[in-house]
Amino acid sequence: MFIGESRHCVLAEDPGRDRIQAVVATVKEIQNFLCEHTASTQRGFVCLLCDKRFSCADTIRVHARDKHVDADIVYPCPVCQKVCKTRNIFAQHLYSSHPEMKGMKKKELNKFARNKW
Ligand SMILES: [Zn+2]
Ligand SMILES: [Zn+2]
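The sequence shown begins at 26 in the working numbering and counts up by one.
Take a look at the structure:
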């Protein structure tokens, strides 16, 4: 394990080190999932797999990504190794616990994705 600013790069570029680097779903894959497994009703949107209801398109999209499409993906924090279950939790953790990571764009967080064991 390297110390210092190159540490997170090493983790990202060395997937064999612990977990296998995961590829997060593309916008299109999530879109396909939404077409197949969700329905819109007069009162909002419903996930047909778990029967949960959502009032707006954004929240069902996040639900679909975190609970279904990318359900096998976790985000180990490159700084403190805490494992976050979703990209949003990871982003929150990173920005609040490690101010030095604030410049990181959400898109860049994808490279930290790892498959669950
Ligand atoms: Zn669901
Ligand atoms: Zn951390």
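Backbone N, C-alpha and C define an ideal beta-carbon position, used for all residues, glycine too.
For clarity, every value in this text was computed on a predicted model and none was experimentally measured.
- Inclusion of CYS75 in the 7 angstroms shell around ligand 1 follows from its C-beta lying nearer than that to a non-hydrogen atom of the ligand.
- Non-local C-beta neighbours of LEU119 in its own chain, meaning closer than 7 angstroms and more than five positions away in sequence, comprise CYS102, MET126 and MET129, ordered along the chain.
- VAL87: member of the alpha helix (DSSP H) spanning 82-88, first to last residue.
- If you draw a straight line from the Cα of VAL104 to the Cα of HIS123, it comes to about 8 angstroms.
- In the assembly as shown, CYS75 is an exposed residue. Its beta-carbon has fewer than 16 other beta-carbons within 10 Å.
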